[in-house]
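See structure below.
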Amino acid sequence: RSRSVGSDGSHNRDDEAKEASGDEEVEDEQEPEGEDLVDSEEYDEDEDEARQRKKRKKDNRYGGFIIDEAEVDDEVDEDDEWEEGAQEMGIVGNEVDEIGPTAREIEGRRRGTNLWDSQKEEEIEEYLRNKYADESAALRHFGEGGEEMSDEITQQTLLPGIKDPNLWMIKCRIGEEKATVLLLMRKFIAYQDSEEPFQIKSVVAPEGVKGYIYIEAYKQTHVKAIINNVGTLRMGIWKQDMVPIKEMTDVLRVVKEQSGLKPKQWVRLKRGLYKDDIAQVDYVDLAQNQVHLKLLPRIDYTRLRGALRTVQSESEAAKRKKKRRPVAKPFDPEAIRAIGGEVTSDGDFLIFEGNRYSRKGFLYKNFTMSAILAEGVKPTLTELERFEEQPEGIDIELAAPAKDDPTSLHSFSMGDNVEVCSGDLANLQARIIAIDGSMITVMPKHDALKDPLVFKPNELRKYFKQGDHVKVLAGRYEGDTGLIVRVEPHRVVLVSDLTMHELEVLPRDLQLCSDMATGVDSLGQFQWGDMVQLDLQTVGVIVRLEKENFHVLGMQGKVIECKPQALQKRRENRFTMALDSEHNSIQKRDIVKVIDGPHAGRNGEIKHLYRNFAFLQSRMYLDNGGIFVCKTRHLQLAGGNKNVSTNNNLSLGFMSPRIQSPMHPSGRG
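In structure tokens, the structure reads:
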């Protein structure tokens with residue numbers, strides 16, 4: 004027994020040495036040291052007694068740690084206070100963190116090890132559930148951005164990998180993508196319960212992709228099996244392209260598009276029957292990528308409908324459709340009924356040929372977003388007047404175009420008469436004497452103000468009075484000149500020098516001018532009064548030049564609008580002649596009198612001759628710049644003979660556009 008005690012004493016010394024060295028591992032089983040034991044029974048008793056003492060020593064050892072833990076806490080608090088002071092003294096915080104694990108952390112690890120050894124599975128499960136159910140666990144593991152990091156990791160796990168089905172791109176007939184997807188869906192369902200069902204996973208037709216569909220499957224043979232005998236996929240039966248794994252997510256990426264369109268916004272059509280026409284947004288359908296517009300319809304009122312329609316009328320209408328498009332004007336239900344059309348009513352709307360028209364004659368129709376132009380659309384004054392009687396927001400646009408942007412470009416120039424439109428000096432008239440960037444110096448026209456004043460462009464507007472001769476700087480009538488006959492609050496009416504038409508222009512688009520317009524278009528190809536070729540059998544004379552369109556007086560006396568690109572200048576022979584009502588030969592620059600027809604009683608000078616039509620100009624005729632058209636048999640040469648000269652040797656049975664050879668002009672009577 005003394006040996007056992009000695010053995011126990013040596014054991015205690017070994018344990019104390021291990022505790023002093025700070026070893027964290029505890030040896031549960033350790034043999035007593037000393038001499039060999041001869042008696043086995045005595046050895047067993049000593050062994051049992053040593054185990055009991057060892058167990059008590061373990062309890063005492065842990066108890067000692069608990070006491071030391073309290074003492075260590077005080078030391079740690081002191082260390083914390085010292086660390087706070089050390090930071091004030093400039094000691095780097097990282098050096099303080101490198102002290103190592105504290106006694107509390109060591110004890111926690113030992114408790115965890117003891118827990119796994121002693122607790123049951125149910126208790127361990129409950130412990131872990133309670134521990135990690137706390138919301139602050141994410142903060143302890145991931146920091147403040149733990150939730151975002153965990154969400155990002157979760158999203159990364161959803162990306163396709165090498166074990167997921169592949170995406171195959173198949174060429175499809177353009178415009179049939181969605182119908183093809185529905186066809187493949189029905190085909191898949193029909194064979195689903197058969198002996199050989201299709202092995203594909205999904206079929207996709209993205210909204211913005213034209214001419215292709217995507218099929219999700221593990222193998223290319225599965226794709227070929229389902230697209231076999233599908234007519235719209237005939238072009239893709241021989242080749243199926245596999246989408247790379249990294250690009251699979253981009254196929255179904257949804258990009259939110261902001262149309263930016265608002266109700267009452269002005270837009271223009273880019274193609275079709277209504278190309279370049281102005282329209283107003285009624286509402287926007289983002290789901291269908293369409294916009295509902297309000298615009299003036301273009302209906303051919305000469306084409307017969309319903310019971311009045313014949314094969315001949317349809318062929319003639321097709322020819323007219325190729326030549327020119329109908330004029331934009333409000334819907335006329337009475338004119339539609341007169342040509343055999345059927346007009347029905349749907350509440351406040353009229354229905355004709357599937358289109359909806361308001362009681363005021365406007366067309367309401369859906370258009371795709373790609374068919375309209377919304378940026379930088381500014382309707383002209385004429386378009387606004389044709390579109391509605393009182394356009395919304397027109398006063399703001401006319402009176403103060405640069406109210407919100409003082410640095411915007413202005414059209415003021417030296418010598419312009421202006422009027423102050425805002426501030427204490429509102430309605431003060433002045434004359435511009437200097438322009439320095441965005442600052443304009445004016446000389447007031449007032450007896451009490453003798454010194455120049457400086458204004459910003461948005462504080463001034465142009466001022467005109469009756470009798471001023473002005474030039475149009477911008478807009479539909481750009482380049483034209485005329486005399487002001489009427490000044491209204493937000494518009495100016497002038498008479499064109501060339502065409503004698505009344506033009507309504509915004510004040511900001513005018514400038515005082517002493518010169519007259521030349522009547523030549525911006526490209527220098529056409530001039531006012533030129534004869535142009537409309538088609539192979541029709542000619543006309545330009546009676547009005549606008550910025551984008553020409554007004555041409557045709558042979559039938561109607562004025563039509565044409566693009567400069569659609570016209571061809573006609574070369575005239577100065578020796579061209581015709582016969583008047585008394586068989587006198589007439590030619591260009593002759594003075595004639597109209598004795599029959601719609602212009603009977605007028606006198607004029609012949610400007611152009613074409614076959615049996617003559618284009619005349621009279622200063623007493625105010626429309627179309629004084630130009631009108633008559634048939635030559637309705638004319639009488641001023642001062643001409645009533646009897647036909649026998650020297651001409653002319654046959655009177657027909658009207659020739661060229662009476663005699665230009666080599667013998669002396670034969671003219």
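Numbering (my numbering), first residue to last: 4 to 672.
For glycine and all other residues, C-beta sits at the position ideal for the given N, C-alpha and C.
These numbers come from a predicted model, not from an experiment.
Pairwise C-alpha distance: residue j and residue i
i                 : j                 : result
aspartate 82      : aspartate 167     : The predicted position of aspartate 82 is uncertain, since its pLDDT is 45 and thus under 50; no value can be drawn from it.
arginine 614      : alanine 581       : 8 Å
proline 447       : alanine 433       : 4 Å
valine 254        : valine 184        : 16 Å
glycine 440       : glutamate 422     : 19 Å
glutamine 639     : valine 562        : 25 Å
leucine 384       : lysine 363        : 20 Å
lysine 591        : serine 621        : 14 Å
glutamate 179     : leucine 513       : 54 Å
phenylalanine 631 : valine 542        : 13 Å
isoleucine 609    : leucine 619       : 5 Å
proline 567       : phenylalanine 553 : 7 Å
methionine 558    : threonine 235     : 52 Å
threonine 305     : glutamate 388     : 26 Å
alanine 603       : methionine 503    : 21 Å
lysine 596        : leucine 366       : 46 Å
glycine 560       : arginine 479      : 24 Å
leucine 497       : isoleucine 443    : 27 Å
isoleucine 230    : lysine 213        : 18 Å
aspartate 2       : arginine 547      : This structure does not reach residue 2, given that the chain is present from 4 up to 672, and the question cannot be answered.
serine 414        : isoleucine 375    : 29 Å
isoleucine 3      : aspartate 583     : Nothing can be reported for residue 3, as the shown portion of the chain is limited to 4 through 672.
lysine 368        : lysine 204        : 40 Å
lysine 453        : leucine 428       : 14 Å
lysine 265        : valine 284        : 7 Å
alanine 182       : leucine 289       : 21 Å
leucine 307       : methionine 534    : 33 Å
Residue from the options with nearest C-alpha to residue i
i                 : options                           : result
proline 333       : Lys381, Phe390, Ile354 and Gln283 : Phe390
isoleucine 426    : Asp419, Thr444 and Asn461         : In the sequence as displayed, the identity of residue 426 is glycine instead of isoleucine. Glycine 426 has its Cα closest to that of Asn461, out of Asp419, Thr444 and Asn461.
isoleucine 248    : Ala182, Tyr217 and Ile165         : Ile165
tyrosine 221      : Glu585, Ile443, Leu366 and Val246 : Val246
valine 457        : His472, Leu431 and Ile230         : Leu431
leucine 556       : His611, Val270, Arg312 and Pro329 : His611
aspartate 593     : Asn606, Glu585, His602 and Gly600 : Asn606
phenylalanine 370 : Leu298, Cys516 and Phe415         : Leu298
histidine 586     : Thr635, Pro601 and Ile302         : Thr635
aspartate 279     : Lys572, Ile598 and Glu551         : Glu551
leucine 311       : Asp285, Ala341 and Val284         : Ala341
arginine 573      : Leu539, Asn232 and Val233         : Leu539
isoleucine 302    : Thr313, Leu276 and Leu289         : Leu276
lysine 468        : Leu476, Leu452, Gly485 and Lys459 : Gly485
arginine 494      : Ile230, Ile487, Thr579 and Glu507 : Glu507
proline 200       : Ala228, Gly111 and Thr105         : Ala228
valine 294        : Trp269, Ala617 and Glu128         : Trp269
glycine 600       : Leu570, Cys633, Asp471 and Phe578 : Cys633
For residue i, the residue or residues it bridges with in DSSP
i              : result
tryptophan 171 : Ile218 and Met245
tyrosine 360   : Leu353 and Leu366
serine 205     : Glu219
alanine 581    : Ile589
lysine 227     : DSSP, once it has assigned bridges, lists no residue as partnering lysine 227.
alanine 331    : Arg301
tyrosine 613   : Phe616
Buried versus exposed, by CB contacts within 10 Å (16 or more), residue i
i                 : result
tryptophan 531    : buried
histidine 637     : buried
glycine 628       : buried
serine 373        : exposed
phenylalanine 352 : exposed
glycine 396       : Residue placement at glycine 396 is poorly supported in this model, since its pLDDT is 41, which falls under 50; the coordinates are not used for a value here.
asparagine 169    : buried
alanine 286       : Here the sequence assigns tyrosine to residue 286, which means alanine is not the residue at that position. The residue in question, tyrosine 286, is exposed, as its Cβ has fewer than 16 Cβ neighbours within 10 Å.
tyrosine 217      : buried
aspartate 483     : buried
glycine 211       : exposed
glycine 344       : buried
tryptophan 171    : buried
proline 455       : exposed
isoleucine 545    : buried
Report task. Write down every uninterrupted run of the beta strand (DSSP E) in the segment 532 to 566 whose length is 3 residues or greater and which is fully enclosed by it, in chain order. Result -> 534 to 536, 542 to 548, 553 to 557 and 562 to 565
Query raised in the report: Which runs of the beta strand (DSSP E), 3 residues or longer, sit entirely within the segment 422 to 446?
Result: 432 to 439
Query raised in the report: Which full runs of the beta strand (DSSP E) of 3+ residues lie inside the segment 473 to 517, going along the chain?
Result: 484 to 491, 494 to 499, 505 to 508 and 513 to 515
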